[in-house]
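Participant:
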Amino acid sequence: MTAKRKENGSNMLEAIREGIFESMAQDENVFVIGEDVGRYGGAFKVTEGLLDEFGEDRVIDTPISEAAIVGAACGAALMGMKPIAEFQFIDFISCGFDMLTNYAAKSRYRGCGGIGAVFRGPCGSGVRGGPFHSLNAESFFLNTAGLKIVEPSTAYDAKGLLKAAINDPDPVLIFEHKKLYRMPRLREELPDEDYTVEIGKARIAREGTDLSIITFGAQTLNALDAAVKLADEEGLNIEVLDLRSLAPLDKDAILATVKKTNRVLVLHEASLTGGIGGEISAIIAEEAFEWLDAPVIRVASIDAPVPFAPQMEDYYLPSFDEITDACRKLAAY
Amino acid sequence: MKAKSKLVKPKKPLTCTSKTSLSNEQFIELYRYLKLTRMFDEKTVRLKKQAKLTGGVFTSLGQEATAVGTAYALKPQDFFAPLIRDIGACFVKGIEPRTIFLQYFGRRSAPSRATDVQFHFADLDKGFVGPISHLGDLIPVMTGVLLAARMKKEDRVAVAYIGEGASSTGVFHEGVNFAAVKKLPLITVIENNGYAYSTPTDEQSAVESFVDKAVGYGIKGMQTDGNDIVACYETMKEASVYARAGNGSVLIEALTYRRKGHAEHDNQAYVPAGEIDWWAKNNDPVVRYERFLTKNRILSRKNMLEIENELKDFLQAESEWAENQPLPEAEDAAMEVFDNNVVKPAFKKKVLEN
Chain A
524 MTAKRKENGS NMLEAIREGI FESMAQDENV FVIGEDVGRY GGAFKVTEGL LDEFGEDRVI
584 DTPISEAAIV GAACGAALMG MKPIAEFQFI DFISCGFDML TNYAAKSRYR GCGGIGAVFR
644 GPCGSGVRGG PFHSLNAESF FLNTAGLKIV EPSTAYDAKG LLKAAINDPD PVLIFEHKKL
704 YRMPRLREEL PDEDYTVEIG KARIAREGTD LSIITFGAQT LNALDAAVKL ADEEGLNIEV
764 LDLRSLAPLD KDAILATVKK TNRVLVLHEA SLTGGIGGEI SAIIAEEAFE WLDAPVIRVA
824 SIDAPVPFAP QMEDYYLPSF DEITDACRKL AAY
Chain B
6 MKAKSKLVKP KKPLTCTSKT SLSNEQFIEL YRYLKLTRMF DEKTVRLKKQ AKLTGGVFTS
66 LGQEATAVGT AYALKPQDFF APLIRDIGAC FVKGIEPRTI FLQYFGRRSA PSRATDVQFH
126 FADLDKGFVG PISHLGDLIP VMTGVLLAAR MKKEDRVAVA YIGEGASSTG VFHEGVNFAA
186 VKKLPLITVI ENNGYAYSTP TDEQSAVESF VDKAVGYGIK GMQTDGNDIV ACYETMKEAS
246 VYARAGNGSV LIEALTYRRK GHAEHDNQAY VPAGEIDWWA KNNDPVVRYE RFLTKNRILS
306 RKNMLEIENE LKDFLQAESE WAENQPLPEA EDAAMEVFDN NVVKPAFKKK VLEN
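From first to last, the protein sequence lines are chains A and B. Going by our numbering, the first residue of the first sequence is number 524, and it counts up by one from there. Going by our numbering, the first residue of the second sequence is number 6, and it counts up by one from there.
1) Please report how far the alpha carbon of residue 183 of chain B lies from the alpha carbon of residue 330 of chain B, in whole angstroms.
2) Could you confirm whether any beta carbon from chain A is found closer than 9 Å to the beta carbon of residue 155 of chain B?
3) Mind checking if residue 187 of chain B is an interface residue toward chain A, Cβ cutoff 9 Å exclusive?
4) Do the stretch 722 to 738 of chain A and the stretch 777 to 788 of chain A meet, that is, are 3 or more Cβ pairs less than 8 Å apart?
5) Could you spell out where the alpha helix (DSSP H) holding residue 40 of chain B opens and where it closes?
6) Going along chain A, which residues have a C-beta under 9 Å from residue 241 of chain B?
7) Who are the neighbours of residue 341 of chain B on chain A, taking C-beta pairs under 7 Å?
8) Since residue 665 of chain A meets chain B, which of its residues come closer than 9 Å, beta carbon to beta carbon?
9) When you compare only the Cα positions, how much space is there between residue 254 of chain B and residue 200 of chain B?
10) Given a cut-off of 9 Å, decide if residue 89 of chain B and residue 304 of chain B are closer than it, judged by their beta-carbon atoms.
11) Put residue 263 of chain B into one of helix, strand or coil per three-state DSSP.
12) Going by the DSSP bridge assignment, what does residue 765 of chain A pair with across the sheet?
13) With a CB to CB cut of under 7 Å and the five nearest residues on each side skipped, what residues in its chain are close to residue 683 of chain A?
14) Check the DSSP bridge columns for residue 164 of chain B and list the partner residues they point to.
15) In the DSSP output, what is residue 533 of chain A paired with across the bridge?
16) For residue 190 of chain B, which residues in chain A fall below 9 Å Cβ to Cβ?
17) Going by DSSP, what residues sit across from residue 228 of chain B in a beta bridge?
18) Does residue 116 of chain B come within less than 9 Å of chain A when only Cβ atoms are used?
19) Who are the neighbours of residue 766 of chain A on chain B, taking C-beta pairs under 9 Å?
20) Looking at residue 534 of chain A: is its Cβ nearer than 9 Å to the Cβ of residue 767 of chain A?
21) For residue 848 of chain A, tell me which candidate among A/804, A/810, A/759 and A/797 has the shortest Cα-Cα distance.
22) Answer with yes or no whether the minimum CB distance from residue 593 of chain A to chain B is below 9 Å.
23) With 16 as the cutoff for other CB atoms within 10 Å, does residue 587 of chain A come out buried or exposed?
24) Any idea which residues DSSP pairs residue 821 of chain A with across the strands?
25) Assuming contact is defined by CB atoms lying nearer than 9 Å, are residue 741 of chain A and residue 774 of chain A in contact in what I supplied?
26) Pull up the distance between the alpha-carbon of residue 610 of chain A and that of residue 244 of chain B, whole angstroms please.
27) Report the residue from B/267, B/21, B/164 and B/69 whose alpha carbon sits nearest the alpha carbon of residue 246 of chain B.
28) Check this for me: beta carbons of residue 228 of chain B and residue 220 of chain B, under 9 Å apart or not?
29) For residue 45 of chain B, tell me which candidate among B/83, B/86 and B/94 has the shortest Cα-Cα distance.
30) Hey, quick one: how far does the beta strand (DSSP E) through residue 311 of chain B stretch, first residue to last?
31) Run through DSSP, which three-state label would residue 145 of chain B get?
Put into structure tokens, the structure is as follows:
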């Protein structure tokens with residue numbers, strides 16, 4: 524069984540796999556459904572070893588049918604099961620969009636039963652995946668009431684948020700940045716005991732006093748790297764707030780960091796226009812205007828599909844220099 | 006079915022098949038459900054004309070036998086997902102008219118809390134999985150119901166009702182194909198009633214019969230006269246025995262006709278002259294069943310009138326009761342977006358408050 528924790532800790536992908544294994548072993552209502560999740564162990568091998576351990580009734584390979592995957596997860600959830608549905612790439616979530624936004628999101632509100640299901644998959648750019656294997660999809664769903672959205676940036680959070688999502692009474696989308704799956708720097712020793720990370724709660728990834736970077740997912744690492752560089756070279760003391768949950772958004776944590784540092788950079792990897800950065804900036808403008816010493820700056824990807832060639836994808840994405848420049852501008856304002 | 010090609014007077018008045026295992030008691034029960042369905046629709050149309058109902062009124066006039074007859078063949082543990090023409094299936098599976106009236110009147114105690122219309126609600130204890138307006142979406146949902154049953158080792162079949170129009174959707178394909186591959190006991194009933202809103206069947210699909218689609222999925226296909234309630238029952242009985250035994254999915258095409266428009270507002274100007282009248286005069290499912298019942302001396306005209314009067318009083322009482330229930334509070338709109346034990350209701354933020 525591959526889920527046994529390694530002596531040198533777990534990377535993010537292993538943490539997710541351990542979370543699924545443990546949940547399936549503890550609760551027979553938990554099952555996995557998706558394309559190539561069984562025999563092949565998933566395109567990224569997140570579900571490797573599950574089929575041997577739990578059998579094909581609980582590790583369900585499907586035809587290429589995202590709408591059916593989401594619909595089946597919803598139907599099973601109505602019957603008291605706890606489905607974990609995988610999208611091979613988050614780009615393909617669009618094929619299940621109707622089932623997610625019209626069926627899963629509205630079922631409880633309509634008195635038709637809460638859908639306690641997990642919908643997870645690899646998101647994110649920077650891996651030269653081109654326009655159809657690089658998506659950050661959170662903005663598609665933020666305007667749909669009834670869906671929770673989380674995106675971890677550590678192995679600990681990936682496992683803890685997954686376990687929280689499995690036991691959540693409502694639908695939870697988990698976006699896992701594929702660039703983080705096997706990143707050596709995210710390898711860490713995870714607790715032996717069962718734990719969850721509460722959905723809707725942000726995490727201060729680095730304490731600081733001069734300005735705040737509000738971000739999530741893979742950009743958390745860029746923010747931390749920028750903070751270290753600017754601390755070492757320019758003496759700036761930067762706070763990094765890792766949102767972890769995008770819906771519900773941890774407004775208290777956002778306002779707390781604004782009131783602490785009074786200068787804010789909002790950083791995300793999806794395109795700028797209509798991105799979550801606009802929502803966060805609006806919350807700050809409405810509720811903490813008088814606490815600001817500088818206008819909020821947003822750094823995000825350009826308003827374009829994700830291009831394939833490295834030269835273009837790097838231009839598309841928020842660059843390290845853009846992040847540090849934005850920090851300098853905020854500090855100097 | 007090409008509705009136009011059927012407009013020939015039948016040689017003998019149409020009735021129902023005599024090939025059946027139903028008992029006299031069951032025949033009578035079936036009649037009550039059929040009659041209840043028609044009278045419920047007539048009642049909601051009247052209430053709409055009296056401006057007592059807000060929102061659309063959808064009826065199943067002319068095609069009631071399909072839902073009632075097929076649902077009558079299901080077991081209590083079986084699940085079903087109806088569409089707007091299948092109110093009769095809801096009655097058969099134990100949904101009370103008063104509950105649907107609560108929905109129509111938009112009352113606070115309606116199962117959907119008045120967040121949704123008509124019989125857009127669910128009662129999972131009765132096997133009723135709530136429909137949504139996106140036609141065909143319930144087919145994949147029912148595959149999940151059946152996967153859960155498989156994991157829990159529960160004996161269930163599930164029925165997804167759709168019109169012929171929904172067979173053109175992607176979810177129809179994904180759901181039927183998935184169920185077929187997994188050999189799930191899913192029975193998809195295509196109620197071919199001639200029109201999807203204003204679109205006739207020959208503009209919906211190039212197949213001769215919708216049942217032909219079963220071949221493409223490698224599943225059993227069955228076709229039945231959707232206006233013969235006994236045939237509908239027997240077809241579903243055979244399909245459910247087959248599916249329950251582990252043989253896989255079934256696609257049933259029920260041939261029927263929608264005599265009303267898509268909803269009450271629709272004047273059906275697109276229907277060729279004489280077509281609706283032909284069906285009303287020659288192929289009405291209630292008239293056909295009544296002919297069958299009298300011919301076989303199961304019910305007399307007098308018995309039927311008694312049942313009708315009884316149902317009339319019953320529906321009046323149910324409707325009045327529902328109408329007298331309280332309306333929702335405005336702030337109910339903010340409740341139950343998520344489980345409110347976990348996430349607070351989505352109340353408005355008052356502009357003049359900090």
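Glycine included, every Cβ here is placed at the ideal spot set by N, Cα and C.
Facilitator: Answer, in terms of the structure:
1) When rounded, the distance between both Cα atoms is 43 Å.
2) At least one chain A Cβ lies under 9 Å of residue 155 of chain B.
3) Yes - at least one Cβ of chain A is within 9 Å of the one on residue 187 of chain B.
4) Verdict: yes, contact present.
5) Its alpha helix (DSSP H) spans residues 29 to 54.
6) Correct list: empty, because the minimum Cβ distance to chain A is about 20 Å.
7) 631 and 632, listed in chain order.
8) One finds nothing in chain B with a Cβ atom closer than 9 Å to the Cβ of residue 665 of chain A; even the nearest lies about 14 Å away.
9) As the crow flies, the alpha-carbon of residue 254 of chain B is around 26 Å from that of residue 200 of chain B.
10) Not in contact: residue 304 of chain B and residue 89 of chain B (Cβ atoms no closer than 9 Å).
11) Residue 263 of chain B falls in the coil class under three-state DSSP.
12) Per DSSP, A/726 and A/738.
13) Taken in chain order, the residues that qualify are 718, 719 and 720.
14) Residue 164 of chain B is bridged to B/85 and B/192.
15) DSSP output for residue 533 of chain A lists A/711 as bridge partner(s).
16) What residue 190 of chain B touches in chain A: nothing, since even the nearest Cβ is about 13 Å away.
17) In the DSSP output, where bridge partners are listed per residue, residue 228 of chain B has B/258.
18) Residue 116 of chain B counts as touching chain A.
19) By Cβ distance, chain B contributes nothing, its closest Cβ being about 16 Å from residue 766 of chain A, past 9 Å.
20) Taking C-beta atoms as the reference points, residue 534 of chain A and residue 767 of chain A fail to come closer than 9 Å.
21) It is A/759 whose Cα lies nearest to the Cα of residue 848 of chain A.
22) So yes, residue 593 of chain A belongs to the interface.
23) Exposed: under 16 other Cβ atoms inside 10 Å.
24) Partner(s): A/789.
25) Judged by their CB atoms, residue 741 of chain A and residue 774 of chain A are not nearer to each other than the 9 Å cut-off.
26) Cα to Cα, the separation comes out at about 33 Å.
27) Checking every option, the nearest Cα to that of residue 246 of chain B belongs to B/164.
28) Not a contact, by the Cβ cut-off of 9 Å.
29) Relative to residue 45 of chain B, the option among B/83, B/86 and B/94 whose CA is nearest is B/94.
30) Where residue 311 of chain B is concerned, there is no enclosing beta strand (DSSP E), although the alpha helix (DSSP H) it sits in stretches over 306 to 328.
31) Helix.
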